[in-house]
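Shown next, in structure tokens, is the structure this report addresses.
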Amino acid sequence: MVCIPCIVIPILLWVYKKFLEPYIYPLISPFVNRMWPRKVTECNDKNQGKVDFKDADINGLPSKGPTEISDKKKD
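Counted the way the numbering used here counts, the sequence shown spans residues 12 to 86.
Written out as structure tokens, the structure is:
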């Protein structure tokens, strides 16, 4: 058997999100914004996320010197 809170809580959350939040959130949002202000993050680094792959092996890990690809069918 499933416990009662496991049934009631999701139903109450669904009712709140579907019907009550559109009316309650505009009243609460000014207070929430005062308590948790948004932090502005601005990134001007254009090289962020770019990786140099000239010294990397197949997996993208740095390799030391030439790597040999072994063929298991020959062994």
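A virtual CB, placed ideally from N, CA and C, is assigned to each residue, including glycine.
Coil, strand or helix - residue i by DSSP
| i | result |
| --- | --- |
| residue 47 | coil |
| residue 13 | coil |
Limits of the unbroken alpha helix (DSSP H) element including residue i
| i | result |
| --- | --- |
| residue 31 | Neither: residue 31 is in no alpha helix (DSSP H) and is coded neither H nor E. |
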